[in-house]
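Sequence order for the protein chains is D and X.
This note's numbering numbers the first residue of the first sequence as 1 and each following residue consecutively.
This note's numbering numbers the first residue of the second sequence as 1001 and each following residue consecutively.
The C-beta atom is built at its ideal place from N, Cα and C for all residues, glycine as well.
Here is the structure we will look at, set down as structure tokens.
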Amino acid sequence: MAGLRILLGATIWAGLALAAPAPARAAQPVPADTAFRFSIQRDAGGLALRWAALPGHYLYRDRFEAVTDAGLAVALTTPPGERKNDPNFGDVEIYRGAVSIAVPAADLPPRGALRLTYQGCAENGFCYAPVTKKIDLRTLAVTEE
Amino acid sequence: MNRRTVLTALAGAPVVFSACEALARTPLPVDPQAPVGGNPKGDVTIVAFFDYNCGYCKKAAPDLDRIVAQDGRIRLIYLDWPILTKASVYGALVALAAKRQGKYEAVYRALIALPGGRVSEDQMRAALATSGADLDRLQRDADAHRTEIVAQIKRNAALAQKLGLQGTPTYVIGSGVASTLDYEGFKAAVAQARARGGR
Chain D
1 MAGLRILLGA TIWAGLALAA PAPARAAQPV PADTAFRFSI QRDAGGLALR WAALPGHYLY
61 RDRFEAVTDA GLAVALTTPP GERKNDPNFG DVEIYRGAVS IAVPAADLPP RGALRLTYQG
121 CAENGFCYAP VTKKIDLRTL AVTEE
Chain X
1001 MNRRTVLTAL AGAPVVFSAC EALARTPLPV DPQAPVGGNP KGDVTIVAFF DYNCGYCKKA
1061 APDLDRIVAQ DGRIRLIYLD WPILTKASVY GALVALAAKR QGKYEAVYRA LIALPGGRVS
1121 EDQMRAALAT SGADLDRLQR DADAHRTEIV AQIKRNAALA QKLGLQGTPT YVIGSGVAST
1181 LDYEGFKAAV AQARARGGR
């Protein structure tokens, strides 16, 4: 057989990603929300998304995604990161400590929600499941997906 | 989840093994469809949550194999939890399809041995050829049982969520939870599980 072909729709991948755990309760690695503290503010230009990674933890530059309620991708302009030969993803750019991403108001719908996904790992090799936050664009209330 | 944490310094690096009291009261509900390795009648169970593109899962795999083989009384349950890449989902699908012909562990070993964290579907397909699995049957089983296999993977993710697991690798050993273990770490965790009554 030339090759085993299984169609992997984005739906299944997205579904599995959504089924990944909400940070919080348990196991011994610190919860994702503690490892990668997230905050959001509205400013004159739009939204300021901020993360603060605990020492020994980092976020992947190419793992940030934002999608509107309508399923439209919102382009995120991420700052250059630190290059790292990562045990999970090879040669990548990462963020340690604080990182901020500005989303211009013009790129956002006037109402509805933004689903923001990001992922990070710990220096000890433990890799967190993707985290998805739902942000109400009117109130900026953040809920777990 | 109420836990007490035992800190043990092993092999020069601290290993954290968290004893989960909820699991001590009620054993982990094991999916009857989950692949089982080691000694199915063993007195201690290791439930491995892993991803085929998880670097530390790959690093720990030989140590996990070694402790299971040397101990002889460990039941090993594989719970595919693809959280890293789309190819990880592909790996889980083909491995679970291979279970239909009794080749899950052969495919697991072929895939988990692939170096790097960005192993593609093509690289996984090439590795399948070395696994000893009947690839024609694997294709048929993957096509015929795709819905059930995807549902099984989602059950694994749901169990991880229920337990509050954060990512991979995660090993539930008896009533404890651990992540980045080496051989000595596995050995200590199994001993602790036995000291608490096993299973």
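| Check | Outcome |
| --- | --- |
| Less than 8 Å between the CB atoms is what I'm expecting for L137 of chain D and V103 of chain D, so what's the real figure, rounded? | The pair is not a contact, with the Cβ atoms about 10 Å apart (cut-off 8 Å). |
| Could you give the residue range of the beta strand (DSSP E) that holds N85 of chain D? | 82-86 |
| Span of the beta strand (DSSP E) holding S39 of chain D? | 36-43 |
| Rounded to the nearest angstrom, what separates L1028 of chain X and A1061 of chain X at their Cα positions? | 22 Å |
| On the premise that A1195 of chain X lies in contact with L1138 of chain X, defined as a C-beta separation below 8 Å, what is that separation, rounded to the nearest angstrom? | Contact flag wrong, Cβ pair sits at about 41 Å. |
| Give me the chain X residues within the contact set of G125 of chain D, using Cβ-Cβ distance strictly less than 7 Å, ordered along the chain. | G1055, Y1056, K1059, T1180 |
| My understanding is that A1160 of chain X touches F1050 of chain X, with C-beta atoms under 8 Å, so please give their C-beta distance in whole angstroms. | Actually they do not touch by this definition, with Cβ atoms about 11 Å apart. |
| Chain D beta carbons: is any one of them nearer than 7 Å to that of Q1166 of chain X? | yes |
| Three or more beta-carbon pairs under 8 Å between the region 64-73 of chain D and the region 113-128 of chain D, yes or no? | yes |
| Could one say the Cβ of G1176 of chain X lies closer than 7 Å to chain D's Cβ atoms, at least one of them? | no |
| Would you call the region 1183-1197 of chain X in contact with the region 1113-1126 of chain X, where contact means no fewer than 3 C-beta pairs closer than 8 Å? | no |
| Check whether chain D comes within 7 Å of I1083 of chain X, counting only Cβ atoms and requiring the distance to be less than that. | yes |
| Tell whether a beta-carbon distance below 7 Å holds between Y1078 of chain X and G125 of chain D. | no |
| Below 8 Å, can you find three or more Cβ-Cβ pairs linking the region 1148-1157 of chain X to the region 90-101 of chain D? | no |
| In the DSSP assignment, find the unbroken alpha helix (DSSP H) run with L1079 of chain X in it and report its ends. | No alpha helix (DSSP H) holds L1079 of chain X; the beta strand (DSSP E) holding it covers 1074-1080. |
| Within the 7 Å Cβ cut-off, does G90 of chain D reach chain X? | yes |
| Excluding the 5 residues flanking R111 of chain D on each side, which residues of the same chain have their C-beta closer than 8 Å to its C-beta? | L137, R138 |
| Which of the three DSSP states is assigned to L59 of chain D in this structure? | strand |
| If I measure Cβ to Cβ from R25 of chain D and keep anything under 7 Å in the same chain, skipping five residues before and after, which residues do I get? | A caution first: R25 of chain D carries a pLDDT of 33, below 50, which makes its placement in the model too unreliable to give a value. |
| Taking only beta-carbon atoms, is R1100 of chain X less than 7 Å away from chain D? | no |
| Helix, strand or coil, according to DSSP, for R1109 of chain X in the structure here? | helix |
| For K1195 of chain X, does the three-state DSSP call read helix, strand or coil? | Here residue 1195 of chain X turns out to be Ala, not Lys, going by the sequence shown. Helix at A1195 of chain X. |
| Do you know offhand how far R1100 of chain X's Cα is from D1141 of chain X's? | 7 Å |
| Which residues, in order along the region 1109-1135 of chain X, keep a beta-carbon less than 9 Å from a beta-carbon of chain D? | G1116, G1117, R1118, E1121, D1122, M1124, R1125, A1126, L1128, A1129, L1135 |
| With a threshold of 6 Å on Cβ separation, who are the neighbours of D1092 of chain X within its own chain once the five nearest residues in sequence on each side are excluded? | The amino acid occupying residue 1092 of chain X in the given sequence is Ala; Asp does not appear at that position. D1080, P1082, I1153, listed in sequence order. |
| Less than 7 Å between C-beta atoms, sequence neighbours within five positions excluded: which residues of the same chain meet that for L140 of chain D? | I40, R42 |
| Would you give the residue range spanned by the beta strand (DSSP E) that A1055 of chain X belongs to? | It should be pointed out that residue 1055 of chain X corresponds to Gly in this sequence rather than to Ala. Per DSSP, G1055 of chain X belongs to no beta strand (DSSP E); it is in the alpha helix (DSSP H), 1055-1071. |
| Run down chain X in chain order and give the residues with a C-beta less than 9 Å from the C-beta of D86 of chain D. | G1055, G1117 |
| For A122 of chain D, which of X:T1085, X:I1074, X:A1126, X:T1168 has the nearest alpha-carbon? | X:T1168 |
| Who does E144 of chain D pair with in a DSSP beta bridge? | D:K133 |
| In this structure, does DSSP put E123 of chain D in helix, strand or coil? | coil |
| With a 10 Å radius around its C-beta and 16 neighbouring C-beta atoms as the bar for buried, classify D1182 of chain X as buried or exposed. | buried |
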